[in-house]
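What follows is a set of notes on a single structure, which appears directly below.
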Amino acid sequence: VPAGSILLITYADQNVLDDPIQCGPPNEVKKTVNSASMVGEPWISFWTPDEFSSYVKELGYNVMSDSIPYDYIEKYLTPLGRNREKKEMLAMEHFVVATIE
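Counted the way my numbering counts, the sequence shown spans residues 31 to 131.
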């Protein structure tokens, strides 16, 4: 992969298993994970941000950003006066931008 290449990837938060309330209403978190399994797309890997960063670093990537939906509320919606409560959404996945070193 050429230097400067960009990787856009998501991963499931370890809190989905360990502390679901950190990801949203626990019933909704469980329902989402179960629904994915029912359609043949089970979530089988869960990571902390540090674990995922270390993993992609081993592959030669450097994480430039690691965001969850709550981050986008603060960055894009709040300045427009379009706030959403955390309880209104799920933050089960992280969105990562990484570059090749």
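Idealized CB from N, CA, C, for every residue including glycine.
As the structure is a computational prediction, the values presented were derived from the model and not from experiment.
From the options, residue whose alpha carbon lies closest to that of residue i
i, options, result
"residue 62", "122, 38, 101", "122"
"residue 125", "72, 60, 77", "77"
"residue 127", "120, 118, 82", "82"
"residue 36", "108, 86, 52, 59", "86"
Cα-Cα separation between residue i and residue j, rounded to whole angstroms
i, j, result
"residue 94", "residue 46", "23 Å"
"residue 116", "residue 130", "33 Å"
"residue 74", "residue 105", "30 Å"
"residue 103", "residue 88", "31 Å"
Buried or exposed (CB count within 10 angstroms, at least 16 for buried), residue i
i, result
"residue 54", "buried"
"residue 42", "buried"
"residue 6", "For the chain, the structure presents residues 31 to 131; residue 6 sits outside this window and is missing."
"residue 50", "buried"
"residue 120", "buried"
- Where are the alpha helix (DSSP H) runs, 4 residues long or more, that stay fully inside the region 47-77, in chain order? 56-68
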